[in-house]
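Colleague: This is the structure, below, for whatever I ask next.
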Amino acid sequence: MAAHGELRERWRATDLARNIARDYELLVTTDLFGWTLVERQWRRIGTAGQHTRTSFANAQDAARLIAAIRQRRASAHRRIGAEYTRIQL
């Protein structure tokens with residue numbers, strides 16, 4: 001994770017010909033009790049979208065979820081026909 005126990009990543013997939021406009025954001029933080037929080041938000045660009053928050057007592061379990069999320073974003077071209085590109089925040 002980044003400095004101060006926080007990691008933030010954002011990906012975007014667009015293909016105007018196929019009407020694909022997706023946004024995905026990942027935020028990883030540590031709460032006051034030492035638990036690792038993984039927050040995810042996904043949406044069509046320009047909408048409110050949906051989000052979920054998962055907490056882990058063990059940082060290794062959180063790291064497994066983060067790896068799975070990154071792998072899923074990497075397979076987007078095969079699944080939805082448009083590749084996610086990482087956006088610098």
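Counted from 1, the sequence shown has number 20 at position 20 by UniProt numbering; the numbering is strictly sequential. Note that CB positions come from ideal geometry on N, CA and C, so glycine has one too.
Along the alpha helix (DSSP H) that carries Ile87, what are the first and last residues, could you check?
Modeller: Reading the sequence shown from its first residue, position 87 is the one you call residue 87. No alpha helix (DSSP H) contains Ile87, which is instead part of the beta strand (DSSP E) from 85-87.
Colleague: Would you decide whether Arg18 is buried or exposed? Buried here means 16 or more other CB atoms lie within 10 Å of its CB.
Modeller: Locating residue 18 in the sequence shown gives position 18, counting from the first residue. Under this definition Arg18 is an exposed residue.
Colleague: In the DSSP assignment, find the unbroken alpha helix (DSSP H) run with Ile80 in it and report its ends.
Modeller: Here residue 80 refers to the residue found at position 80 when the sequence shown is read from its first residue. Its alpha helix (DSSP H) spans residues 76-80.
Colleague: Nearest-angstrom Cα distance between Thr47 and Gln88?
Modeller: As a working note, residue 47 is residue 47 in the sequence shown. As a working note, residue 88 is residue 88 in the sequence shown. Using only the alpha carbons, I get a separation of about 20 Å.
Colleague: Of the choices Asp31, Leu26, Phe33, Asp15, whose alpha-carbon is the least far from that of Leu65?
Modeller: For this step, residue 65 is matched to residue 65 along the sequence shown. Selected option, being the one with the closest Cα: Leu26.
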